[in-house]
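When you line the sequence shown up against UniProt numbering, it's residues 1 to 328, in that order.
Before any comments, here is the structure.
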Amino acid sequence: MVKVVVCGAAGGIGQPLSLLLKQSEHITHLALYDVVNAPGVAADLSHINTRSTVTGYGKEAIDEALVGAHTVVIPAGVPRKPGMTRDDLFKINAGIIRDLSEGIARNCPTAFVLVISNPVNSTVPIVAEVLKKHGAFDPRRVFGISTLDVVRSSRFVYELDNSINPKNTRVTVIGGHSGITIVPVLSQIPGQKFTKDQLDLLTHRIQYGGDEVVKAKDGAGSATLSMAFAGARFTQAILGATVAGKTGLVESTYVNLHADEEGTAAFRAKTQLEYFAQDVEFGREGVSKIRPLPELSAYEQTLLEAAVPELKVNITKGTSFITDAPKI
Ligand SMILES: NC(=O)c1ccc[n+]([C@@H]2O[C@H](COP(=O)([O-])OP(=O)(O)OC[C@H]3O[C@@H](n4cnc5c(N)ncnc54)[C@H](O)[C@@H]3O)[C@@H](O)[C@H]2O)c1
1 MVKVVVCGAA
11 GGIGQPLSLL
21 LKQSEHITHL
31 ALYDVVNAPG
41 VAADLSHINT
51 RSTVTGYGKE
61 AIDEALVGAH
71 TVVIPAGVPR
81 KPGMTRDDLF
91 KINAGIIRDL
101 SEGIARNCPT
111 AFVLVISNPV
121 NSTVPIVAEV
131 LKKHGAFDPR
141 RVFGISTLDV
151 VRSSRFVYEL
161 DNSINPKNTR
171 VTVIGGHSGI
181 TIVPVLSQIP
191 GQKFTKDQLD
201 LLTHRIQYGG
211 DEVVKAKDGA
221 GSATLSMAFA
231 GARFTQAILG
241 ATVAGKTGLV
251 ESTYVNLHAD
261 EEGTAAFRAK
271 TQLEYFAQDV
281 EFGREGVSKI
291 RPLPELSAYE
301 QTLLEAAVPE
311 LKVNITKGTS
321 FITDAPKI
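Following this line, the structure appears as structure tokens:
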């Protein structure tokens, strides 16, 4: 039995993500949870002729939705409107993520938790702190999905060089998942050389690609379809490693660096960071190895230096939302 729960399943990301996950052969039970309309989305998807069972749960049924989950994917929350940064979302989404994490601790404490809700740099530490409170935190099992930055990177590089296949061009994106914390490592793409102007253009588009969509949607939300694609790709990689035992699966993702104590010791000592996006190798237990930092060009080194202090602020904001909360 492989139960995958989507929290926020009736939303702009949640619906197409659930549609894509309905096609996964690894999933036997797809449980859709949302404060509105989840039973309707579930009824609709349940007619698709793949093997998984689909069930929907409303607000009062959070425990039933989460119980026994193998993996929980979280796109619940509010998206950005024009003029908002991902960090502006914090006040609303932090509380939603805290409550969902409490539900996970109660009902499926060993589940793999895949966080989409922004600001990811802060929401992932919130999940970790809630699970820690319940003695249920395993850093190998909690992930911030930054795959959209990776997907955008290879697409935008392809727009400059049509001779590559963007599907097979893997770009490592390190740091975090908002603005200047996003550091695409373009220098390591085999066979590619960029001018300074091209690097400026690509880097800005990758760091602020979300803004293009927010602006174009003009008040109707942020990236949903490309995010669902990225979220499904990431979930499939986790399921491939943890359910099917596939080896060699690697994605850039935002994780707690204690998932690989030995491998990240030097980096943690140097930067004082507890969370970072980097290429991660997956295994049966989630993170099997966090790869060392790739070789960075001088350009990328400068980007990284700008990202680290911002990341620290974002991480502390998430962590202290739980650790400094008044005790009731
Ligand atoms: N990681 C990324 O790259 C990335 C990309 C785009 C958007 N996002 C983020 O994903 C989130 C969702 O975006 P969207 O466009 O789907 O928004 P949306 O408003 O269309 O959908 C959000 C859904 O969450 C539900 N929800 C709200 N509170 C809930 C709760 N307590 N429990 C369960 N469900 C709840 C809402 O009812 C709604 O259906 C936002 O935080 C957005 O910023 C992340």
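By construction, the Cβ of each residue, glycine as well, lies at the ideal position given by its N, Cα and C atoms.
Collapsed DSSP secondary structure at residue i in the structure displayed
i	result
I182	strand
Q278	strand
K246	coil
I116	coil
I92	helix
K193	coil
T323	helix
V142	strand
A241	helix
E251	strand
H26	coil
G283	strand
S288	strand
N256	strand
G56	strand
T224	coil
I97	helix
V2	coil
A65	helix
I104	helix
V214	helix
residue 329	Not covered by the structure: residue 329. The range shown for the chain is 1 to 328.
T50	coil
Other residues of its chain near residue i: CB distance less than 6 angstroms, five sequence neighbours each side excluded
i	result
S154	P166, T169, V171
T319	P125, E129
N107	D63, L66, V67
T271	V308
G221	G12, P79
C7	Y33, I74, A76, L100
I96	A76, G77
R152	I206, G209
8 angstroms CB neighbourhood of residue i in its chain, flanking five on each side removed
i	result
G179	T85, R86, Q207, Y208, E310
A244	H26
V41	A9, A10, G14, Q15, S18, L32, D34, G56
P109	L131, H134, A136
A105	V130, L131, K133, H134, A136
E212	R205
Residue i beta carbon near ligand 3 (any heavy atom closer than 8 angstroms)
i	result
Y275	Ligand 3 is not part of this structure, which contains only ligand 1.
C-alpha gap between residue i and residue j, whole angstroms
i	j	result
A111	K317	24 angstroms
L160	L202	9 angstroms
S187	P79	32 angstroms
Q236	G14	15 angstroms
Y158	G191	12 angstroms
Q23	L131	30 angstroms
S226	L148	7 angstroms
P39	F234	25 angstroms
residue 366	G144	Since the first residue of the chain shown is 1 and the last is 328, residue 366 is not available in this structure.
D200	P119	24 angstroms
A325	T195	48 angstroms
V54	T302	47 angstroms
G210	A223	6 angstroms
L304	E295	12 angstroms
A228	R284	24 angstroms
S288	K312	24 angstroms
G266	L273	Going by the sequence as given, residue 266 is Ala instead of Gly. Approximately 11 angstroms, taken between the alpha carbons.
A216	I164	27 angstroms
A241	H47	28 angstroms
P292	V127	25 angstroms
I290	E261	9 angstroms
Under 9 angstroms between C-beta atoms of residue i and residue j
i	j	result
V250	F282	yes
G58	V72	no
T253	Q278	yes
G263	R141	no
L89	G77	yes
N121	N314	yes
A232	L20	yes
V115	H70	no
P139	L239	no
D218	P75	no
V150	A61	no
V280	V255	yes
Contacting residues, own chain, Cβ-Cβ under 7 angstroms from residue i (five flanking each side not counted)
i	result
F156	L202, R205, I206
A307	G175, G176, I180, T181, V183
T323	E129
Y299	L199
N93	G77, V78, S117, N118, T123
D197	none
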